[in-house]
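>
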Amino acid sequence: VLLNRCVLVCTSHKDTKKCAVDIVIFRRLSLCCVVKRRGILYEMSTENYWFVSIPNEHGVSGYSKLTREFEYTSLCTSIHKVHFPSFRVGTLDSLLSISDRLSKDSKTLEASSDRLLRQYRELTGNESIVPLVEGQEPVKFVVNFEWDEARFASTESIPTLVNGLMEQVVRLEEDLKLRAVEYQTTKQAKQTIERKSQGTLMARSLAGLVKEEHVIETEHMTTVFVVTSTTASEEFESCYESLHPLVVPRSCKVVASDSDAKLYAIVVMKKGAEGFKSACREKRYTVREYVYDPVGQAVESEELKRLAKDADSQASAFCSWTETAFAEVFMVTVHVKVLRMFVESVLRYGLPVDFEMAVIQPGARMESKLRETLNGMFMHLGGNWASNAIGDEQMIPGIHQEKEFYPYVYDDLLIAKF
């Protein structure tokens with residue numbers, strides 16, 4: 036790591052769905068990574084975008100003020116105008132009320148997006164992937180934002196619009212819980228059966244290991260299964276016949292073995308089975324109690340195949356659903372962001388509505404200078420507060436106090452971009 040730059044060499048495996056890249060240079064080590072989208076590799080970084088609302092003054096639009104000021108500077112990478120319809124303003128009381136709600140809803144949307152993104156990444160096995168939003172990267176959706184008039188008609192009141200937007204998220208959250216429970220239930224059932232066939236010979240299920248040719252069961256004879264350590268296997272093979280007089284000579288067969296142990300099948304007379312087991316335990320050999328059941332083995336094998344198929348099918352469907360759900364929640368987030376900016380702007384600048392919004396991407400390590408410049412440009416909008424100080428740490432009275440306030444209306448959005 037040198038000057039916040041890192042060169043990373045990665046490899047990939049198709050089966051694990053891990054993203055591959057030969058060399059990646061991280062501009063910001065904590066915020067950059069590599070993602071795979073449709074077989075193509077991308078560098079993905081998380082960046083903060085600023086939403087700013089500026090009043091139109093003296094025949095000059097707020098957006099043009101911003102573009103003239105920053106067009107030839109490195110303070111910001113890009114400035115895009117945010118287009119919004121003519122919303123129904125309503126009363127002052129309704130604006131104050133919906134302003135409080137929008138503040139809470141913004142936190143709800145952030146938490147919902149995080150949950151969906153985590154679930155999507157878990158299902159894809161890629162901790163860096165970000166779903167597309169309406170077929171485009173999240174950043175492009177924001178900078179090219181257009182209000183969805185077909186779904187959320189601006190002729191409705193602002194509270195009605197907020198209700199309609201948040202209802203989408205509530206339904207998705209409920210659906211997420213149901214789908215997650217269903218998927219986890221199937222996944223855990225599959226893992227339970229898989230665990231039976233995994234582990235050491237001392238503990239794992241013998242179903243699938245013991246075959247029909249390993250077992251002799253008659254009216255007078257039975258088969259006992261014994262596990263010994265690899266180091267004790269020769270001793271056992273040489274002494275098992277002498278452990279009990281009712282052991283059938285030369286009946287010992289190796290059923291399975293691994294690096295640590297061996298599993299044997301020994302035929303004994305039924306009258307001497309318990310005595311033989313006791314003798315084995317005295318010698319510190321492990322007796323595995325198992326009754327061969329070919330029907331049960333087949334049923335368990337088929338059940339595992341069915342659960343594996345169901346789990347894969349559910350994972351695929353769940354993955355597609357979370358991808359779509361994340362895009363939907365992100366879409367709602369941006370719509371709510373625009374509504375919140377509109378409400379705060381009306382409360383700050385008053386009526387008639389005569390302001391413009393822009394989304395700004397600060398330049399690299401230019402956030403403080405950009406903030407200082409914006410505060411200086413619009414200090415006259417902040418009254419006595421702005422005449423005293425323009426630093427980042429100052430606050431002015433406003434509707435919400437969970438964020439700093441500036442002489443212009445401001446909000447931000449953290450966006451994952453490719």
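Take the position in the sequence shown, starting the count at 1, then add 35; the result is the number in the working numbering. Quick reminder that beta carbons are idealized off the backbone N, C-alpha and C, glycines included. Note that the coordinates shown come from a computational prediction; the quantities given were computed from them, not determined experimentally.
1. In chain order, which alpha helix (DSSP H) runs of at least 4 residues are fully inside the region 188-264?
2. By how many angstroms is the C-alpha of Leu-339 removed from the C-alpha of Val-250?
3. Using a Cβ-Cβ cut-off of 8 Å (strictly less than) and excluding sequence neighbours within five positions of Glu-184, which residues of its own chain qualify?
4. What's the call for Cys-472, buried or exposed, on a 16-neighbour Cβ count within 10 Å?
5. Report yes if the CB atom of Lys-297 is closer than 7 Å to the CB atom of Ser-268, and no otherwise.
6. Relative to the C-alpha of Ile-450, which candidate in His-255, Lys-404, Leu-152 and Arg-230 has its C-alpha closest?
7. CA-CA distance, Pro-173 and Phe-377?
8. Taking 6 Å as the cut-off, does the CB of Thr-265 come closer than this to any heavy atom belonging to the ligand SAH?
9. Assign Gly-160 to one of two classes, buried (16 or more other C-beta atoms within 10 Å of its C-beta) or exposed (fewer than that).
10. For the candidate residues Asp-128, Ser-134, Asn-83 and Glu-272, whose alpha-carbon lies nearest to that of Val-262?
11. Could you check where the beta strand (DSSP E) with Phe-390 kicks off and where it finishes?
12. Let me check one thing: in DSSP terms, what residues is Gln-171 bridge-paired to?
13. Specify the secondary structure class of Ala-300 as computed by DSSP and reduced to three states.
14. Taking only the alpha-carbon atoms, compute the straight-line gap between Leu-448 and Val-205 and give it to the nearest angstrom.
15. Mind checking which residues open and close the beta strand (DSSP E) that includes Ser-113?
16. For Gly-307, which residues in the same chain have their Cβ closer than 6 Å to its Cβ, ignoring the five residues on either side in sequence?
17. Report back the beta-carbon spacing between Arg-214 and Trp-356 to the nearest angstrom; my notes put them in contact at under 8 Å.
18. Quick check: what's the CA-CA separation for Tyr-443 versus Ala-352?
19. Taking all protein chains shown into account, do 16 or more other C-beta atoms lie within 10 angstroms of the C-beta of Asn-410, making it buried, or fewer, making it exposed?
20. Measure from the alpha carbon of Ala-343 to the alpha carbon of each residue in Tyr-98, Thr-227 and Ser-189, then state which is nearest.
Taking the geometry as given:
1. 193-231
2. Here residue 250 is taken as the residue at index 215 of the sequence shown, counted from 1. Here residue 339 is taken as the residue at index 304 of the sequence shown, counted from 1. Each residue's Cα considered, the two are about 24 Å apart.
3. For the purposes of this step, residue 184 is identified with residue 149 of the sequence shown, where counting begins at 1. Within the same chain, Glu-184 has close Cβ partners Pro-120.
4. Residue 472 lies beyond the stretch modelled for the chain, which goes from 36 to 453, so this question has no answer here.
5. Looking up residue 297 in the sequence shown gives position 262. Looking up residue 268 in the sequence shown gives position 233. For Lys-297 and Ser-268, yes; Cβs fall inside 7 Å.
6. In the sequence shown, residue 450 corresponds to position 415, counting from 1. Among His-255, Lys-404, Leu-152 and Arg-230, the Cα nearest to that of Ile-450 is on Leu-152.
7. Taking the first residue of the sequence shown as position 1, residue 173 is located at position 138. Taking the first residue of the sequence shown as position 1, residue 377 is located at position 342. When rounded, the distance between both Cα atoms is 21 Å.
8. The ligand SAH is not among the ligands present in this structure, which contains no ligands whatsoever.
9. Sequence index remark: in the sequence shown, residue 160 carries index 125 (1-based). With fewer than 16 Cβ atoms within 10 Å of its Cβ, Gly-160 is classed as exposed.
10. Numbered from 1 along the sequence shown, position 227 holds the residue referred to as residue 262. Closest option to Val-262, Cα to Cα, is Glu-272.
11. Counting from 1 along the sequence shown, the entry for residue 390 is found at position 355. From DSSP, the beta strand (DSSP E) with Phe-390 extends over 390-397.
12. To locate residue 171, count along the sequence shown from 1; it is residue 136. Partner(s): Val-168.
13. In the sequence shown, residue 300 corresponds to position 265, counting from 1. Strand at Ala-300.
14. What you label residue 448 is simply residue 413 of the sequence shown in a count that begins at 1. What you label residue 205 is simply residue 170 of the sequence shown in a count that begins at 1. Going from the Cα of Leu-448 to the Cα of Val-205 covers about 21 Å.
15. As a working mapping, residue 113 is identified with position 78 in the sequence shown. Ser-113 -> beta strand (DSSP E) spans 111-117.
16. Looking up residue 307 in the sequence shown gives position 272. Taken in chain order, the residues that qualify are His-279 and Leu-281.
17. Taking the sequence shown and counting its residues from 1, the one referred to as residue 214 is at position 179. Taking the sequence shown and counting its residues from 1, the one referred to as residue 356 is at position 321. 6 Å between Cβ atoms; contact.
18. The count along the sequence shown starts at 1 and reaches residue 443 at position 408. The count along the sequence shown starts at 1 and reaches residue 352 at position 317. When rounded, the distance between both Cα atoms is 45 Å.
19. Sequence index remark: in the sequence shown, residue 410 carries index 375 (1-based). With 16 or more other Cβ atoms within 10 Å, it is buried.
20. Here the question's residue 343 lines up with position 308 in the sequence shown. The candidate whose alpha carbon is nearest that of Ala-343 is Thr-227.
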